[in-house]
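Some notes on the structure that comes next.
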Amino acid sequence: MNETVRVNPIACDAHGLCAELFPEWISLDDWGYPIVRPGPVPRELKEHARRAVDACPVLALRLVQAAKQSRARVSE
Amino acid sequence: MSSSTELAPPTAAAAELPRLLAGALADRPLSLEEHFDRYGADRQTAGRSRSGELIELVAAAGLTGRGGAGFATARKLRAVADAHARPVVVGNGVEGEPVSDKDKALLRHTPHLVLDGVALAAGAVGARTAIVAFAAGATHEIAVMRAALAERERHDIDRIQIRVARVPDGFVAGEETAIIHSLNGGPATPTLTPPRPFERGVGGAPTLVQNVETLAHLALISRFGPRWFRSIGTAAEPGSALVTVGGAVARPGVYEVPLGLPVADLLAWAVGPPESLTALLVGGYFGTWVAAEQALRLRLIDADLASAGASLGARAIFALPRSACGLVESAHVIRYLADESAGQCGPCVHGLDAIAGAFERLARGGRDAAGAPAQLKRWLGQVKGRGACRHPDGAARLVESALRVFGAEVELHARGRCQGTRRAPLPLGRAR
């Protein structure tokens, strides 16, 4: 199952825990907000991804199925 | 009244412009009777079932959204028509773009054409209610629309309920999720997608959000058909479009043009640039600066504009005179866009503020200006694609095009010099 990491940029408050827990995939911009690599998270990194998702104090991080994102395209 | 009006298209004018603004009067909107005299009463206006017939016509016409994104209208109609709950239609007349006046002009001159489109779209997707949304500051247009709705009620024209709604003023308020957010009782700020409005919009119902100009075209396609619609424009980008022209032209205003019209013709139409131009801002504040000599070789279609990194976008064109400095003028617009951030997403709030600051240093010139391009490059890369909506992306596009087109000026500024002698201020909208 292909899953990508998705940030809700409205909810995100730049706590930065995600980048600490999942540095292979998440870095921080100059203001402390997460920059997430696009594309599916490899199986061997799933555990790190889940830990980052669980640690976010404002629940701004999610693992979503890659196919789900493409549904948004109909009205752009 | 409608029963006595002829349904035949005005053949003499069929291949000519204006279409949307045909018969527009300078001082007042067309009345319902004048509107039906001009365009013919479309007996199907309120009556078309969800047979899909109109959607097929719109698909054959190749109509695309006139609000900015240019999405295929028929696909949007279908997505909402196929939804499992009863949908709602929203006509988007919010037009938060300060350099654009085309939607307001259309609403002022021919409210019934827009309302025909609203009613037709509602019929096509099976909606019973529709809303025409305006910016709160558009008080004149709101009054015109209310009067038009009252006229239609007296003559029992529509079988659906259409109401007017006001959305707070602001650049991002016209973004479709921001309108829905406001109509649902929240602030006029964009929301995270998905869900898109066609999935969950007004009151949770699947919602068709269409720009008011798109709906007016739809009303004409319903009357005169896809072949008529395609008789102007190009095969890939058919029909006409409203364009707002401003800046260093003698007659600024809203023009209806065939898509594919040479930019040079449009400027001649606006009664020629009175002085030579440095550049055109194409597509509004989410648009792209294009050097004048390059722009004058292009036609007004996305296929051409793409070669200059531009698109029709908000269909607003601002001409920058040679006497003005593109960096100084851009700095004001970029600061405006930073201030107009909905304030929700960190990269937009902090990133656009940082970018606006660096651009201001660049515009001021001197020692601070020298380091600005490198800072801008770094921060532009950090804001793109990182908001809930496309606000940071639009602002980044403008900044990148300014750096590209005013490159010579960037070098001058780094040495403390500037070629500009006069301001040519771009409109920055009303304060919220």
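From first to last, the protein sequence lines are chains A and B.
For the first sequence, my numbering begins at 1 and goes up steadily by one.
For the second sequence, my numbering begins at 1001 and goes up steadily by one.
Think of the CB as a built atom: it goes at the ideal place given N, C-alpha and C, for glycine as much as any other residue.
- Residue-level contact by beta carbon holds for His1350 of chain B and chain A, with a gap shorter than 9 angstroms.
- Under the three-state reduction of DSSP output, Gln1419 of chain B falls in the coil class, being neither helix nor strand.
- Within the stretch 23-37 of chain A, Asp29, Asp30, Trp31, Gly32, Tyr33, Ile35 place their CB atoms closer than 8 angstroms to a CB of chain B, listed in sequence order.
- Looking only at B:Glu1095, B:Phe1036, B:Arg1086, B:Ala1022, the smallest Cα-Cα distance to Gly1283 of chain B is reached by B:Glu1095.
- Contact between the stretch 1391-1405 of chain B and the stretch 1324-1334 of chain B is present: 3 or more CB-CB pairs across the two stretches fall below 8 angstroms.
- At a beta-carbon threshold of 9 angstroms, none of the residues of chain A lie near Gln1294 of chain B; the nearest stands roughly 28 angstroms away.
- One Cα belongs to Val1202 of chain B, the other to Ala1268 of chain B, and the distance between them is close to 43 angstroms.
- Closest in alpha carbon position to Gly1091 of chain B, among B:Gly1185, B:His1155, B:Ala1219, is B:Ala1219.
- One finds nothing in chain A with a Cβ atom closer than 8 angstroms to the Cβ of Leu1183 of chain B; even the nearest lies about 16 angstroms away.
- A distance below 6 angstroms between beta-carbons, with the five flanking residues on each side excluded, links Leu1063 of chain B to the following residues of its chain, in chain order: Thr1073, His1217.
- By the neighbour-count definition (other C-beta atoms within 10 Å, threshold 16), Arg1019 of chain B is a buried residue.
- Taking 9 angstroms as the cut-off, the beta carbon of Asp30 of chain A is found closer than this to the beta carbon of Gln1382 of chain B.
- At least one beta carbon of chain B lies nearer than 9 angstroms to the beta carbon of Pro9 of chain A.
- Spatial neighbours of Ala1424 of chain B in its own chain (CB-CB distance under 8 angstroms, excluding positions within 5 residues in sequence) are listed in chain order as Gly1247, Ala1248, Leu1320, Pro1321, Ser1323, Ala1324, Glu1329.
- The continuous alpha helix (DSSP H) containing Ser1222 of chain B extends over residues 1212-1229.
- The Cβ-Cβ distance between Cys12 of chain A and Leu63 of chain A does not fall below 9 angstroms.
- Take Cys1348 of chain B, set aside five residues on each side of it, and the residues of its chain with a beta-carbon closer than 7 angstroms to its own are Ser1341, Val1383, Gly1387, His1391, Pro1392, in chain order.
- For Pro1111 of chain B, the secondary structure class from DSSP, reduced to helix, strand or coil, is helix.
- Within 8 angstroms of the CB of Cys12 of chain A, the CB atoms of chain B belong to Cys1345, Gly1346, in sequence order along the chain.
- Using a Cβ-Cβ cut-off of 7 angstroms, Ala1388 of chain B is close to Pro9, Ile10 of chain A, given in chain order.
- With a threshold of 9 angstroms between beta carbons, Gln1419 of chain B makes no contact with chain A.
- In this structure, the straight-line span from the alpha carbon of Glu1213 of chain B to that of Arg1364 of chain B is close to 40 angstroms.
- Every beta strand (DSSP E) stretch that sits fully inside the stretch 1114-1187 of chain B and reaches 3 residues is listed by chain position as 1129-1135, 1161-1167.
- In terms of Cα proximity to Leu1192 of chain B, the closest of B:Cys1389, B:Phe1406, B:Leu1412 is B:Cys1389.
- For Ile35 of chain A, there is no enclosing alpha helix (DSSP H); the residue is found in the beta strand (DSSP E) stretching over 34-36.
- Annotation for Val53 of chain A: Leu61, Arg62, Leu63 place their beta carbon closer than 7 angstroms to its own, counting only its chain and skipping 5 residues before and after.
- Thr1064 of chain B is outside the set of residues whose beta carbon lies under 9 angstroms from a beta carbon in chain A.
- Contact between Val41 of chain A and Ala49 of chain A holds: their C-beta atoms lie close to 5 angstroms from each other, under 8 angstroms.
- Of the candidates B:Gly1239, B:Phe1286, B:Leu1115, B:Leu1115 places its Cα closest to the Cα of His1035 of chain B.
- No Cβ of chain A is located within less than 9 angstroms of the beta carbon of Arg1315 of chain B.
- What Gln1382 of chain B touches in chain A, judged by beta-carbon distance under 9 angstroms, is Asp29, Asp30, Trp31, Tyr33, Ile35, going in chain order.
- Looking at the DSSP output, Trp1289 of chain B shares a beta bridge with B:Leu1281.
- Taking a C-beta distance under 9 angstroms as the contact criterion, Trp25 of chain A and Arg37 of chain A qualify as a contact pair.
- By the C-beta density criterion, Thr1177 of chain B is buried, having at least 16 other C-beta atoms within 10 angstroms.
- Your pair Gly1225 of chain B and Gly1233 of chain B does not check out as a contact, with CB atoms roughly 15 angstroms apart and the cut at 8 angstroms.
- Rounded to whole angstroms, the gap between the alpha carbons of Gly1366 of chain B and Glu1409 of chain B is 12 angstroms.
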